[in-house]
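Structure record follows, encoded as C-alpha cells.
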Amino acid sequence: MAASASTCSTGEEIERCDVLVIGGGPAGSTAAALLARAGRAVVLAEKDHFPRFHIGESLLPANVPLLDELGVRAALDRAGTIVKHGARVVSADGRTGTTVRFSEGLLPGPATTYQVERAQFDELLLRNACGFGADVREGTTAREVEHRDGIWQATLAQDDRPSRRIEAHHVVDASGRDGVLARVWQSRRMLEHHRRVAVFSHYRGVLLDPGIDAGNTVLALFADAWFWLIPISPEVTSVGVVFDSAAWQAAGLAPEAALERAILNAPEVSRRLATAERVAPIRVTGDYSYRSTIVARDGAVLAGDAFAFLDPVFSSGVWLAMRSGERVARVLDRCLARPERARSLLARHGRREHRVHRHFWRLIEGFYSPGFRDLLMQPQPRLGLAAAVRTALAGTVSYDPRFRLRLALFLGLTRLQGRCGLSPPIPLTAALAAPEPLAEDAVALQA
Ligand SMILES: Cc1cc2nc3c(=O)[nH]c(=O)nc-3n(C[C@H](O)[C@H](O)[C@H](O)COP(=O)(O)OP(=O)(O)OC[C@H]3O[C@@H](n4cnc5c(N)ncnc54)[C@H](O)[C@@H]3O)c2cc1C
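For the record, in the sequence shown the residue sitting at position 177 is 1047 according to our numbering, with numbers rising by one throughout.
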C-alpha cells in the first residue's frame, strides 16, 4: 500500500503512512518487507545509496529460515554465496584448536549458513523490501523524529530534492549505531569493560581449510585480542582483529602497523596470509557494546543495532537485527489492527527483546573469560555440553530445558575452569607485543 499525502494549514504538503522505517540495513529491510507484505503502507528512509560497504559478513544458521521466509535464499545460492558449516577456533600460535560444526548441535536446526559481502547482501534485502511494496527512499535522512499530538512526525531530508514532512502511526528505528531515537530518549547504556577496537580489510588468496570447512570462519585467539578470517567469495577473505582497548592504547600504533604486528604475532594467521594480498583499504571502528534501556515508546520501536550492539565475536549481529526486524513487523501489524492493545503488545515485545539479548550477552561475556576459551578449544563430549554450545553458536534461541540446562552447566564450568583449572589452561599470547630484539650475533651477521 502506498503512502498518501495531504496539505496542512501552513500550505506544506505532509505525507502519511502506517509505518516509517529509519534505516535500510538488515533490521530495517526485514521489518519493511514483512510490513509491506502484510499490506501496510511503509516508507523506508535510508541515508546512504546502496550498494554501500558494511562490516559484519558472517551469518548464523538460525538466520536461514528467515532468509527463506523473505524469499532471498535462492538469490544467494544463485550468486554462489559462500556456505559456512561452522568455525575453526584456534589459539593465535596455532597450537590448540577445534572445529565447531553446526551439524553436530544438540537441537535440530539448519546445519549451514552463509558468509556474505554486506554491500551485496544488504542491497538484496533492500530491493526485496521494495519488491514487497515498501516505499524505499535512498539518499534520505530521517531528522526531527518526534511524537506530537498522538502521531509520529519526521523530516525526510533528501540528497537531491527538497525535504518533506511525513506522519506515521508507528516508527521503526533501525538506524544502526546512529541510534536516532535512543539518542533523543538518552536510553543507550554502554556495557562497560567491553570497549574494543576493530581493524580490518579484505585479502585475496588466503589459505583456507580443505573440503566443507573452506567456508568456515577462523577465530584465532590472543590473550587480549582475536582475529576473524571470513571467506566472502572464492577469492576474497575478510580479515580483522579486535583488540582490547587497553592493549590498543598502550601500543600506540597506527591501524596498519597494529594489524601487521598482530599478523606477525599470530603464526596461525601469518601462515594463512603468507601468499595473500590486501585488496581493500584498512578500516578501523570502535567495537563497543551497548543496549538501550527502552525498546518501544509511544508506538515507536527500536530494532537491530539501534536497540543493542553486542560484541561481534559470535557473528550474532545480522541475525539479531533481522530477527528483531521480523518481530517488530509482526507486533506493529497487530498494533495497527488493534490500536487499543498497542501499549501492552509493545511492552511484551520489549521484555522479549531484553531476554534474547541477555541470552547472547551471557555467551559473549563468557567468551572474554579465559575459562570459556579453554573449554571451547578443548570440547568435552560428556553430557552433551559441547553439542549444546554448538547449538548456541548457531544462534538458536530456544527455551528447551535440555539446551538451557546444559548451556548453564557449561557456563558454570567455564567459571570453575577460570578459578581452579579443570582442564589444562591454554597459554595465549599478547597481540601487540613488540618483536623480540635481534640477538647481537644476528645483528652482526646482518651488518
Ligand atoms: C567489527 C565488527 C564486526 C562485525 N562482524 C559481524 C559478523 O561477522 N556477523 C554479524 O552478524 N554481525 C557482525 N557485526 C555486527 C553487524 O554489522 C550489525 O549488527 C548489523 O549490521 C546490524 O544491522 P542493522 O540493520 O541494525 O544496522 P545497520 O546494518 O548498521 O543499518 C543501519 C542503516 O541505517 C542507516 N541510517 C542511519 N541513520 C539514519 C537516518 N537518520 N536516516 C536514514 N537512514 C539512517 C544507515 O545508513 C544504515 O544503512 C559486526 C560489527 C562490527 C563493528
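Built from N, CA and C at the ideal position, the CB exists for glycine as well.
Item: Cα separation between proline 1151 and histidine 1072?; Value: 8 Å
Item: Could you give the DSSP three-state label for arginine 1035: helix, strand or coil?; Value: strand
Item: Assign leucine 1253 to one of two classes, buried (16 or more other C-beta atoms within 10 Å of its C-beta) or exposed (fewer than that).; Value: exposed
Item: At which residues does the beta strand (DSSP E) containing isoleucine 892 begin and terminate?; Value: 883 to 892
Item: The alpha helix (DSSP H) spanning histidine 1229 covers which residue range?; Value: 1212 to 1237
Item: Heavy atom of ligand 1 less than 7 Å from the Cβ of serine 1186, yes or no?; Value: yes
Item: Assess contact between the stretch 1088 to 1100 and the stretch 902 to 909, defined as three or more Cβ pairs (one per stretch) separated by less than 8 Å. Is contact present?; Value: no
Item: Are the beta-carbon atoms belonging to glycine 956 and phenylalanine 972 less than 8 Å from one another?; Value: yes
Item: Give a single yes or no on whether glutamate 916 has its beta carbon closer than 7 Å to a heavy atom of ligand 1.; Value: yes
Item: Buried or exposed: where does cysteine 1290 fall if 16 or more other Cβ atoms within 10 Å of its Cβ makes it buried?; Value: exposed
Item: Assign glutamine 1119 to buried or exposed, taking buried as 16 or more other Cβ atoms, counted over all protein chains shown, within 10 Å of its Cβ.; Value: exposed
Item: With a cut-off of 8 Å, do at least 3 Cβ pairs link the stretch 1000 to 1020 to the stretch 959 to 969?; Value: no
Item: Are there any heavy atoms of ligand 1 lying less than 7 Å away from the beta-carbon of leucine 929, as far as the coordinates show?; Value: yes
Item: Does leucine 1283 get closer than 8 Å to chain D when you measure Cβ to Cβ?; Value: No chain D is part of this structure, which consists of one protein chain only.
Item: Looking only at its own chain, which residues have a Cβ that is under 7 Å from the Cβ of leucine 1206, when we skip the five neighbours before and after it?; Value: Asp888, Arg910 and His1039
Item: Where do the ends of the beta strand (DSSP E) carrying arginine 843 lie?; Value: Any answer about residue 843 is impossible in this case: the structure gives the chain only from 871 up to 1317.
Item: What does lysine 954 pair with, by DSSP beta-bridge criteria?; Value: Thr983
Item: Where in the stretch 1047 to 1105 do unbroken runs of the alpha helix (DSSP H), each at least 4 residues long, occur, reported from the N-terminal end onward?; Value: 1050 to 1055
Item: Determine the direct distance from the alpha carbon of valine 1050 to that of leucine 1263, and round the result to whole angstroms.; Value: 30 Å
Item: Quick one: grab the DSSP three-state call for alanine 1127.; Value: helix
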